[in-house]
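Each residue of the sequence shown is one higher than the one before, counting from 124 in the working numbering. Contents: one structure, followed by commentary.
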Amino acid sequence: MFSWKRVLLAVGIPILVYVYSPIREHVVNHYALRWYVQQNSSDRSVRIRVHNLSSNVSLPITLKAEYPGSKIIEFEYSDPWDGPRISSLKTARHSEILRQFGLSLKKPILLDEHLIPSSLEEIEDELQGAVLVLSLPQSHGKPGPTSPMTLDNHLVWVEQCRKSESAHSCYLERAWENWEYMLRGIQGDETASWKQLTGVQLGFPDFHIVPEDRMNYIFSLAAGHSISFFLRYGVDRLDGKVNLFASDGSALRVNKEADLDRPIWVMIVLYPLVDPVYGLLVLALVLAMLPWWAPLKFLSTFTIVNQALAKVDQMDTAREWDEVYGRLKFSLKDKFDYYRSILSRPPESLASEDLFDYLRGYLRVVYRGGVGRFRDNRQLETTINRCLLELASK
């Protein structure tokens, strides 16, 4: 006989084996790693907070800041997110290469963090000026505004020095080389210091200590930790974007900072994992398969009895029968005694446990005899009454 329930089970079980078996882990992973971005145009800053709610250390995470035409004049890191900040400016100031070079100059390079407010960009500019002074003879002076220390001019100076051996171009090229060497050394010191202090691997786009256009931060986040990055930009435009990527692809960007700490069931509503059509399909299948995964206390009695009778291994039905017995034990004895009285039979000293053992065997015989699954509690109740009546008549 055709049955929609059997068709639904035949189609639903394979789908749920595929969908539901990994769904808990998939959902937890999807909502475990969250991040939030706050951009403030007034002080030209961007704050990124990352929160790991899982019980495991995250896989490597890459935070990619892309702001074309802008320079990050300082970036900071804090773990926990509201704890003390570790500053790129301070770590750059503590570079041994920079300090040794500063000691060789008559003019300091803004290294005193207590007396002189500065930025990475100011340190880089001061370093550029000092290298030019040391590299150019006094007769040449500093290059004017038409020949700044840029990559394009560097290539021009290399070509001019190679072809014409122009003294001025060669001096400028040597100044560039010394400046680049100095910046790479400072950048190396800063990268090593950040890795040691924070566990964050800095990904500079070039040799400059002032990242321009883009910057990468690679790190792992301990279970339950929430950290923050603070990026401060110069006077350039501030219309870029920030992206965060996890190695396993699961990182959820939230719209409000409060969502970083919300429980998963709230996040499922605020940030649905699936589209509405697929979500309704999964919900319908889950509801149809409710008896197979919901706690027994939420199921009706006839459903639990059907589960127990349908199992091939009857030794694996203790949980189901214990739940049924807990619901029927008080009524079984009362009904049995009532049937004995109306049949004018003498009282029988059978305990509820004995009556339930007899009922369980009776239900198995009825199930295997062709009655099959019970449609509802009413059919089950009728069968129980018939069983007790037959036993009382003996």
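Backbone N, C-alpha and C define an ideal beta-carbon position, used for all residues, glycine too. Fair warning: this is a prediction, and the values are worked out from it, not measured in the lab.
(1) Would DSSP call F368 helix, strand or coil?
(2) For the candidate residues L511, S475, S472 and P469, whose alpha-carbon lies nearest to that of Y485?
(3) For A515, which residues in the same chain have their Cβ closer than 7 Å to its Cβ, ignoring the five residues on either side in sequence?
(4) Three Cβ pairs or more, each shorter than 8 Å: is that satisfied between the region 295-315 and the region 329-336?
(5) Quick one: complete beta strand (DSSP E) runs, 3+ long, within the region 179-212?
(6) Which residues does DSSP list as the beta-bridge partners of V336?
(7) Exposed or buried, what is E476 when buried is set at 16 or more other beta-carbons lying within 10 Å of its beta-carbon?
(8) Hey, would you say the C-beta of Q502 is under 7 Å away from at least one heavy atom of the ligand SAM?
(9) Just curious, the beta strand (DSSP E) that N175 is in, first and last residue?
(10) Which of helix, strand or coil does DSSP assign to I220?
(11) Using a Cβ-Cβ cut-off of 8 Å (strictly less than) and excluding sequence neighbours within five positions of T321, which residues of its own chain qualify?
(12) Which two residues bound the contiguous alpha helix (DSSP H) that contains S464?
(13) Checking 8 Å against the spacing of the C-beta atoms, do F368 and R170 come in under that value?
(14) In its own chain, which residues sit with a C-beta less than 8 Å from the C-beta of Y356, not counting the 5 before and 5 after it?
(15) Going along the chain, which residues of its own chain have a beta-carbon closer than 8 Å to the beta-carbon of N500, five neighbours each way excluded?
(16) Can you tell me whether N163 is helix, strand or coil according to DSSP?
(17) Who are the near neighbours of H263 in its chain, counting only those whose CB is closer than 7 Å to its CB and skipping five residues on each side?
(18) Is DSSP giving Y292 helix, strand or coil here?
(19) For L375, which three-state DSSP category applies?
(20) Counting Cβ pairs closer than 8 Å, one from the region 372-380 and one from the region 211-220, do we hit at least three?
(21) If you check the beta carbons only, do F421 and Y448 fall under 8 Å apart?
(22) Mapping DSSP to helix, strand and coil, what is L503?
(23) Let's see if you can read the secondary structure: which residues bound the alpha helix (DSSP H) around L482?
(24) Under DSSP, the beta strand (DSSP E) around S242 begins and ends at which residues?
(25) DSSP state of L361, grouped into three classes?
(26) Can you list, in chain order, the residues of its chain with a C-beta nearer than 6 Å to that of E296? Leave out the 5 residues immediately preceding and following it.
(27) Where do the ends of the beta strand (DSSP E) carrying R468 lie?
(28) May I have the straight-line CA-CA distance separating S157 from N508, to the nearest angstrom?
(29) Please classify P266: does DSSP put it in a helix, a strand, or coil?
(30) Can you tell me where the beta strand (DSSP E) with S287 in it begins and where it stops?
On the basis of the data shown:
(1) Within the sequence shown, numbered from 1, the residue matching residue 368 stands at position 245. Note: F368 maps to strand in three-state DSSP.
(2) On the sequence shown, residue 485 is found 362 positions in, with the first residue counted as 1. Minimum Cα distance to Y485 is reached at L511.
(3) Position 392 of the sequence shown holds residue 515. Hits under 7 Å: F459, Y462, R463, L466 and R468.
(4) yes
(5) 184-201
(6) Within the sequence shown, residue 336 is the residue found at index 213, counting from 1. Sequence inspection shows Asp at residue 336; the Val mentioned does not correspond to that position. DSSP lists Y190 as partners of D336.
(7) Counting from one through the sequence shown, the residue named residue 476 turns up at place 353. Exposed, because fewer than 16 other Cβ atoms sit within 10 Å of the Cβ of E476.
(8) Among the components of this structure there are no ligands whatsoever, and the ligand SAM is therefore not found.
(9) Numbered from 1 along the sequence shown, position 52 holds the residue referred to as residue 175. That run of the beta strand (DSSP E) goes S168 to N175.
(10) Your numbering for residue 220 matches position 97 in the sequence shown. Helix, per DSSP.
(11) In the sequence shown, the residue the question calls residue 321 occupies position 198. Once the five neighbours on either side are set aside, the close Cβ partners of T321 are Y200, D202, I209 and F342.
(12) Position 341 of the sequence shown, counted from the start, is the residue given in the question as residue 464. It spans A441 to I465 - the alpha helix (DSSP H) in which S464 sits, taken as one unbroken run.
(13) Walking along the sequence shown from the start, residue 368 turns up at place 245. Walking along the sequence shown from the start, residue 170 turns up at place 47. Contact flag unset, no.
(14) Stepping through the sequence shown from its first residue, residue 356 is reached at position 233. Within the same chain, Y356 has close Cβ partners R167, S168, V169, Y190, S193, K194, I195 and I196.
(15) For this step, residue 500 is matched to residue 377 along the sequence shown. If we look at N500 and ignore the five residues flanking it on each side, its Cβ neighbours are S423, T424 and F425.
(16) As a working note, residue 163 is residue 40 in the sequence shown. Correct three-state label for N163: strand.
(17) In the sequence shown, counting from the first residue as 1, residue 263 sits at position 140. Confidence is the limiting factor: at H263 the pLDDT is only 48, short of 50, which leaves the residue's position unreliable, though a coordinate-based value still follows. Excluding residues within five positions, the ones whose Cβ falls inside 7 Å are H291 and Y294.
(18) Translated into positions along the sequence shown, residue 292 becomes position 169. It is Ser, not Tyr, that sits at residue 292 in the sequence shown. Helix.
(19) Walking along the sequence shown from the start, residue 375 turns up at place 252. Of the three classes helix, strand and coil, the one that applies to L375 here is strand, per DSSP.
(20) no
(21) Walking along the sequence shown from the start, residue 421 turns up at place 298. Walking along the sequence shown from the start, residue 448 turns up at place 325. No.
(22) Walking along the sequence shown from the start, residue 503 turns up at place 380. Correct three-state label for L503: helix.
(23) On the sequence shown, residue 482 is found 359 positions in, with the first residue counted as 1. Note, L482: alpha helix (DSSP H), S475 to V489.
(24) Here residue 242 is taken as the residue at index 119 of the sequence shown, counted from 1. Per DSSP, S242 belongs to no beta strand (DSSP E) and is neither H nor E.
(25) Mapped onto the sequence shown, residue 361 falls at position 238. L361: coil per DSSP, three-state reduction.
(26) For the purposes of this step, residue 296 is taken as the residue at position 173 of the sequence shown. Here the set comprises W280, V281 and C284.
(27) Here residue 468 refers to the residue found at position 345 of the sequence shown. Looking at the DSSP string, R468 is not in any beta strand (DSSP E), and its letter there is neither H nor E.
(28) Your numbering for residue 157 matches position 34 in the sequence shown. Your numbering for residue 508 matches position 385 in the sequence shown. Checking the sequence, you will find Arg at residue 157 rather than Ser. So the two alpha carbons sit approximately 57 Å from each other.
(29) Here residue 266 is taken as the residue at index 143 of the sequence shown, counted from 1. The predicted model places P266 with a pLDDT of 46, which falls under 50 and marks its position as unreliable, so this point remains unresolved.
(30) For the purposes of this step, residue 287 is taken as the residue at position 164 of the sequence shown. Looking at the DSSP string, S287 is not in any beta strand (DSSP E); the run it does join, the alpha helix (DSSP H), is L274 to S287.
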